[in-house]
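Its first residue numbered 17, the sequence shown is counted upward by one per residue in my numbering.
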Amino acid sequence: TDKGQLIRCPVEDIRIAGRSTQGVIVFDTAEDEHVVSVEHIGEDAENGNDNGNGG
């Protein structure tokens, strides 16, 4: 976030929600805090096989 908050969680831990729901909250931010970046880390990076070129 723009306030320095960082999270990392396996995508399997995020439950699937149907179309009629209001979505899934992964984490909360403060009222004046905004998400500035999202990154997908591939399985190769998880296993230590990242080549350093963005996954």
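For each residue, glycine too, the CB sits at the ideal point set by N, CA and C.
Let me know the secondary structure DSSP gives residue i once reduced to three states.
i, result
"E55", "coil"
"E49", "coil"
"D18", "coil"
"V42", "coil"
Report the rounded CA-to-CA distance for residue i versus residue j, giving the unit in angstroms.
i, j, result
"A46", "R24", "18 Å"
"R31", "G39", "10 Å"
"H56", "R35", "23 Å"
"V54", "I41", "14 Å"
"V52", "D29", "22 Å"
"F43", "L22", "10 Å"
Taking the CB atoms as reference points, tell me whether residue i and residue j lie closer together than 9 Å.
i, j, result
"D18", "E59", "no"
Cutting at 8 Å between CB atoms, please list the residues of its own chain near residue i, excluding the five before and the five after it.
i, result
"A33", "G39, V40"
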